[in-house]
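When we follow the working numbering, the leftmost residue of the sequence shown carries the number 171, and every step to the right adds one.
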Amino acid sequence: MDATRIVLAGCWTSLMLVYLLGDVLRLFAGDHVPGQIDGRPAGDGMWTLAALIMLVPIAMILISLLVPAEPLRWISIVVSVVMVLFNLAGLPYPGSYDNLLIVVGFAVNGIIIWQARARARAWAWDTGAA
Numbered sequence: 171m172d173a174t175r176i177v178l179a180g181c182w183t184s185l186m187l188v189y190l191l192g193d194v195l196r197l198f199a200g201d202h203v204p205g206q207i208d209g210r211p212a213g214d215g216m217w218t219l220a221a222l223i224m225l226v227p228i229a230m231i232l233i234s235l236l237v238p239a240e241p242l243r244w245i246s247i248v249v250s251v252v253m254v255l256f257n258l259a260g261l262p263y264p265g266s267y268d269n270l271l272i273v274v275g276f277a278v279n280g281i282i283i284w285q286a287r288a289r290a291r292a293w294a295w296d297t298g299a300a
């Protein structure tokens, strides 16, 4: 298997764990009341949306391993940019730990974009398209 696919899958796994760590710390720090989002009770639709957002990096792990190289390049770049914009929309976060984790998430997204762009040339070379 191509090493780039493994690196991308590992990056998406790392990003998912950073997001999960932020959620867990938010609960333990008392910055979040269970059952509420932004101080209001959250309904089933809101929790479904939250689940879909968390499924993005999980789906990207599989996509990194299964999708052909050229579409994978663009899917990785677009999804990473969307995730960064989504997280920027929520700034600032209440705790310094949360802001630190968001910066780490931005760095991981940057690595994903860098790897997808840098490795596109290697993929093209391997397939004779260069």
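Every residue gets a Cβ at the ideal spot worked out from N, C-alpha and C, and that includes glycine.
When the alpha-carbon of leucine 270 is set against those of Gly180, Ile247, Cys181, Arg196, the nearest one is in Arg196. In its chain, beyond the 5 residues on either side, Ile231, Ser234, Leu235 have a beta carbon closer than 6 Å to the beta carbon of alanine 179. Threonine 174 and glycine 192 have their C-alpha atoms some 27 Å from each other. Beta bridge pairing from DSSP links proline 211 with Gln206.
Judged by DSSP secondary structure, methionine 253 falls within the alpha helix (DSSP H) whose first and last residues are 239-259.
Comparing C-alpha distances from valine 274 to each of Met253, Arg287, Arg289, Ala239 shows the shortest one belongs to Met253.
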